Amino acid sequence: MTGYDSRGKANRALLVGVSEYDNTAPPDGVPGDLPAVKHNLNRLAEALRHGGVFAEREITVCRSPDQGTFDQELWKAASEADGVLLLYFAGHGAIPNAGDELFLQMRNARVVAGGHAVFPGAVLFSLAQAMLTASSARRIVVVLDCCFAGNAAWVRPETPDKRRLLLMSVQPNHRIDAGDPDTPTPFTAELVKLLEAGGDVSFRALVDDLRAGMSAAGHRTVRGDAWEPEGRAEPGMDVLLATGAGGTGTPPATDPDPGPDPGPDPGPGPGPGPDSEPWAPDPGPGRLRRVGAILVRWLGGMGAAWAALIGRRRDSGAREDQGRAGNPDVQAGDSGDENGTGQEWRRARRLVAGGVVMLVLAVTALGIGFYRHLVLTGGPSSCAPSLELRVLTDPDLEPTVRAAADAYLTSEANITGDGCRRSGITVYSAGAADAVTALRKQTGAWQEPREADTNPQRDVGPQPDVWIPASPADAARVVAGQDTDAVAELDADQEPFAYSPVVLAVPQGIAVDELDDRTGPPLTRMIDDLRRRHADAAVRRPDPEFTDTGLLATIALYGTPGAAGAPDPRRAEDRVAQSGPPAPTAAELLCTLPDDDAVDNRTAALVPEFLLKSGVGCDSARRTPRMAQYPGDVPGLEPVFVRVRWQGADRDEDDRDREAEAFRAWLTGEDGRVTFARDGFRPAAGDRALPDSTEVAQGVLRAPSPLTESAGRDAMEASLEAYRGANGPGRVLFLLDSSGSMAGQWEGPSGGPGLLKQSLGGLGDRDEYAVWAVSDAGEDTYDTLLPFGPHSGKDAERAIDRGARVRDAEANPLGALRAALDAMEVRDADDERPGLIVFVTDDEDADRLAGDGFGNLLDIARARGLPVAMVSLKGGGCDAGKPDARLSEASGGRCLDADDDLGAALHDEVARTGTGET
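For what it's worth, the numbering used here labels the leading residue of the sequence shown as 377, then goes sequentially.
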């Protein structure tokens, strides 16, 4: 199987290589030039020309571009492709401390600590990915040959895109050597060899062959580990990249010498270099004037044609001259009509019609030219780099906040009198509880991480300039509990700027019809009534620790803790009980329910109302239509603008304050309200009815009454604490693969012991846990590193450091997992509490999870109902059908692999069972 064959379509390959850098001197320069990259571009372009998929005119080589040129060339390639769109990048790559973004460093890149961006002059892979996603191409192939290329797998697109196939030169968090300056880099050399080997080359086969070739050649990363290229693609997704036929392009007679890299285009405005052909370069001001002059001549010709049409001039010579004046290609007698008048009418009509078409094309070209010249480059070429604002928000709000930021960036409010952008905006989200904790107690570590287990830069993201939580109570919680030595100061608006009630979205087939039943009753009564009507009905809620939506619903579920009539949190949780962990966001909850039609048809979801209008990224045609019920005791989402100022950031404090205030004024004003209303949000004040001009989504009420007041700071804090302790202290058994193959996955925070130690923060003083080292080195399938019991984090870390080591033996995961399930059952018999088994492994011995023995293990896991979290240190370990995925699914646990942020994800998984920090 070779996958999608795009021959005959408009394919585009953009080959970007940065071999020369403007800034290589300390302290803020990149590590140095990369002369080998010159050869990469020559050899790869030649291989693609002969590959039979890309014609020569469909291949663009872009040598050592700056950031603006890269954006232009990528936009052009993306807009013209409808078959395969291929982006290749070779150059320096860099990552922030969190490792959750990849920066592609262009010619003008710098590394400036404390600057407007972490890496000025670099392209965020997430933004490049967004530009690619906007293309109409049937397949999007990205090939990265740079340090940390594997971290691109962690940069999730805002909207999942099954068309994307990602080929990365090395696994995450690894630097690589460019090799001999007189030859291509090792990865690209192997890539070219495979493309030129003959026969059909598909993406998936290419990935496998690359891994085998790099392994056979013995290539190692900078820190000495095996150099392992990685690929990512949706199951069943593949594409043809080369064929045995070849010959589509016209190959050069000889292999040209790389020569020196051309400099940037000296013309006005950034433009492509000589190797950016064959497409038309970016229209600078001079070219736009020339196009304008042509447009004027066309308008003149059209005017003359109209005169001919109206006046019916009979002089055929005059008609012919007139036609040639407007369009030199129009020849007398070309219609074959002997009647002069009929010929005149037809020729004039053709000329006018052709002129209209050309006018549309010319105006479009001018519009695109101005857009590319002013928007994609951030303004005229004389504009200085705009200041970048970092905006942190709640995960459920992120799509709408991002849409608002995009609208603001291109609005008049963000353009100076010189036509330059005032600011750029990066929008990102993090778990709501994590954001509150970081701003309240970890600002010092956020500014300068000191410990591996407390690193908000990794767990939350960069230090925000603006925070948009989903409730004003979040800001109040931070201010009330902030450490006295905090290095961040919050300045929150007094009022929210939008509102969306949290609704019980009930499948239409089991929903109530009476208006009194849809609005006003408390949430617990609505749930109980639903189950009385339909015994098999279920209710689900997103994770209360990850989004405010889940926590606001939990306030109503629990009532006022300790008050008369308030339910016990454990019993309250029974109303929303489910197997496995809750969905992290409301959007994901709505997307996962249709995986099983029977579940979707009988399961109500607690979600913000706006999602019933704006929708979610999954296929809406598959989702069960839902009716919104409005509980009278569930507070709604009320996004509020919070300015965050950091100590020591006074160098550009005034500029940052000015741009943050400009964004605040726009967002909280009419333009921002329109953007949020478009996504289904209500006004923040008054009766909060949807405006008459707003289309009401199916199942939504325009003016339900009453709508609940804002959440209180104390209510949110108490409900979160009660949720964390609803199931009491937990019990966790850690299994650490200690077989010989783990030697390459052992050291550092991303190694097996390091990941295990990071997760201990999710356990509290009352939780009990144990650690087993899994291998066949002893008489059993495991050795006990730490016995069951409560342990302090420091004591547990010392025990792991002292006893954990790689053994010269294989592992028996089947026997160890069976022993773990038995051990947990014995302990539950005496003291039942929430439990979890965690197995950290490199999957080298996963072939032993097979046959009847594995089938029996799956049956036992299903029967026990004890979640097993499988943590694979290799990419693809959790792919559908793999043993790790099957065991996690059977037990109701979670499967994690190298595609995830393993440290944060495992910590969160353990924290759901334990009573420690989240």
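Every residue, glycine too, gets a C-beta built ideally from N, C-alpha and C.
Please read all numbers here as calculations on a predicted model, not as lab measurements.
Looking at the DSSP output, phenylalanine 1215 sits in a beta bridge with Leu1111, Met1246.
In the structure shown, the three-state DSSP call for arginine 515 is strand.
Between proline 1080 and tyrosine 1006, the beta carbon gap of about 4 Å places them in contact (Cβ cut-off 8 Å). The alpha-carbon of glycine 820 is positioned some 35 Å away from that of aspartate 1113. About 23 Å separates the beta carbons of leucine 1278 and leucine 1233, which is beyond the 8 Å limit, so they are not a contact pair.
In the displayed model, tyrosine 784 falls within a helix according to three-state DSSP. Here arginine 766 carries a strand assignment [DSSP, helix/strand/coil]. Residue pairing from DSSP leaves phenylalanine 579 without any beta-bridge partner.
Alanine 485 and valine 1072 have their C-alpha atoms roughly 48 Å apart.
Residue Gln839 holds the alpha-carbon nearest to the alpha-carbon of threonine 769 among Gln839, Thr830, Pro1129, Glu824.
A distance below 7 Å between beta-carbons, with the five flanking residues on each side excluded, links aspartate 585 to the following residues of its chain, in chain order: Leu570. Between the alpha carbons of glycine 1241 and leucine 1197 lies a distance of about 10 Å.
Residue environment analysis places glutamine 1074 among the exposed positions, since fewer than 16 neighbouring C-beta atoms fall within 10 angstroms of its C-beta. DSSP places tryptophan 603 in no beta strand (DSSP E); its state is neither H nor E. The beta carbon of aspartate 1219 is closer than 6 Å to those of Ser1248, Lys1250, Gly1253 in its chain, skipping five residues each way along the sequence. Bounds of any beta strand (DSSP E) do not take in tryptophan 530, whose DSSP letter is neither H nor E. Per DSSP, the unbroken beta strand (DSSP E) holding proline 883 starts and ends at 878-883. Selection Leu1263, Gly1165, Leu410, Arg1027 evaluated against aspartate 521 yields Leu410 as nearest (Cα-Cα). Here DSSP, grouped into helix, strand and coil, assigns glycine 1231 to helix. About 3 Å separates the beta carbon of glycine 607 from that of valine 583, a gap short enough to meet the 8 Å contact definition.
Under the DSSP assignment, tyrosine 464 falls in the beta strand (DSSP E) whose first and last residues are 460-466. At a Cβ-Cβ threshold of 8 Å, glycine 1012 and proline 918 do not count as neighbours.
Taken through DSSP and simplified to helix, strand or coil, alanine 1149 comes out as strand. By the Cβ-count criterion, lysine 989 is buried, with 16 or more other Cβ atoms from all chains shown falling within 10 Å of its own Cβ. Rounded to the nearest whole angstrom, the C-alpha separation of glutamate 1173 and glycine 1116 is 22 Å. By the CB criterion at 8 Å, valine 546 and serine 502 fall outside the cutoff. Within the DSSP bridge table, the entry for glutamine 481 names Ala498 as partners. Here valine 1072 carries a coil assignment [DSSP, helix/strand/coil]. By the neighbour-count definition (other C-beta atoms within 10 Å, threshold 16), aspartate 1143 is a buried residue.
In the DSSP assignment, serine 1135 falls outside any beta strand (DSSP E) and lies within the alpha helix (DSSP H) extending over 1128-1135. In the displayed model, aspartate 1198 falls within a helix according to three-state DSSP. Annotation: the continuous beta strand (DSSP E) that includes methionine 1003 extends over 1002-1005. Cβ neighbours of valine 517 within its own chain (closer than 6 Å, five residues either side excluded): Leu462, Leu541. Distance between arginine 1288 and serine 1135, taken at the CA atoms: about 11 Å.
Between leucine 390 and alanine 466 a beta carbon distance of about 12 Å is seen, past the 8 Å cut, so the two are scored as non-contacting.
Taking C-beta atoms as the reference points, threonine 564 and proline 533 fail to come closer than 8 Å.
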